[in-house]
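Step one of this worksheet: look at the structure below.
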Ligand code: NAD
């Protein structure tokens, strides 16, 4: 067995507090495109046209059409071996936090319970008029879905570019990074703040940082780097 694999297993076994940050890469092998990279969603669509409050104000139909396309795509996808391995890790660690930048809901679908969905969830919506939040798993909605209570326009309950994160989610995430003695960073390009800073926050607080990404971005900081696909590596970590 590779020394690195032995090391990460040892660290996980002795960890009192394990924190995981996942990004789009963990869902790549479920068939959900990442944002950046060759097959990235943003190669076909400009983020600033679709995932900003200004874009929604300008053309809510276009934004909803894109989200509905993504809902239809995600509805047919299932968690992969990497999501499943994290469910196992959650049951083993004394203290565990899973922070995800993904909006696909696959961690919860896999069975993870302690998930902080930092950027929201594609199955949730909120009313632009009264703020009421709803959850709706129908893959396809009417072109401009409306609030049942006040008939206001609904929007995806997703944190768009230029918007603030939910402060409770952010504070819980920061606490989890500062308290971690092991932190796994899985499948994120590390360009979206503040999640991009979580690895260095954990590292400064003394965590052992492990990156899993076929194209790593944290080699300058991580204690261990696995240049592998999450669904290949994580099952070996928990075996
Ligand atoms: P990103 O697209 O910027 O980066 C994806 C990273 O995953 C890259 O570094 C890539 O090398 C890596 N990767 C690709 N295949 C992998 C694999 N099999 N195993 C491990 N790593 C792999 O994604 P990001 O950093 O999460 O960007 C953040 C934004 O993207 C967030 O706002 C998030 O909401 C959004 N996003 C979410 C989804 C989703 O919910 N599934 C999909 C696309 C984008």
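Numbering (our numbering), first residue to last: 5 to 243. For glycine and all other residues, C-beta sits at the position ideal for the given N, C-alpha and C. Since we're looking at a predicted model, the values are computed, not measured.
Report the three-state DSSP secondary structure of residue i (helix, strand or coil).
i	result
residue 212	strand
residue 73	helix
residue 102	strand
residue 205	helix
residue 192	coil
residue 156	coil
residue 144	coil
residue 82	coil
residue 227	coil
residue 115	coil
residue 242	helix
Could you round the C-beta distance between residue i and residue j to whole angstroms and report it? I think they count as a contact, below 8 Å.
i	j	result
residue 57	residue 164	6 Å
residue 226	residue 214	6 Å
Check whether the Cβ atoms of residue i and residue j lie closer than 8 Å to each other.
i	j	result
residue 21	residue 184	yes
residue 211	residue 186	yes
residue 34	residue 106	no
residue 156	residue 133	yes
residue 204	residue 218	no
residue 102	residue 221	no
residue 148	residue 96	no
Just to confirm, does residue i get its C-beta within under 7 Å of one of the non-hydrogen atoms of the ligand MN?
i	result
residue 221	Questions concerning the ligand MN fall outside what the structure shown contains, since the ligands it does hold are the ligand NAD.
Is there a Cβ of chain B sitting closer than 8 Å to that of residue i, yes or no?
i	result
residue 124	Absence of chain B from the displayed structure is noted, only one protein chain being present.
Starting from residue i and walking both ways along the beta strand (DSSP E), at which residues does that stretch end?
i	result
residue 137	137-139
residue 121	119-121
residue 128	124-131
Could you spell out the range, first to last residue, of the alpha helix (DSSP H) harbouring residue i?
i	result
residue 183	171-183
residue 21	Run containing residue 21: none in the alpha helix (DSSP H); it sits in the beta strand (DSSP E), 21-26.
residue 14	7-18
* **Given 8 Å, three or more beta-carbon pairs between the stretch 191-204 and the stretch 27-39** => yes
* Counting Cβ pairs, one atom from each stretch, are 3 or more of them under 8 Å apart for the stretch 8-19 and the stretch 68-88? -> Using a Cβ-Cβ distance cut-off of 8 Å, the stretch 8-19 and the stretch 68-88 are not in contact, since fewer than three pairs of beta carbons, one from each stretch, lie closer than that value.
* Check whether the stretch 112-127 touches the stretch 157-174, taking contact to mean three or more Cβ pairs, one atom from each stretch, closer than 8 Å. => yes
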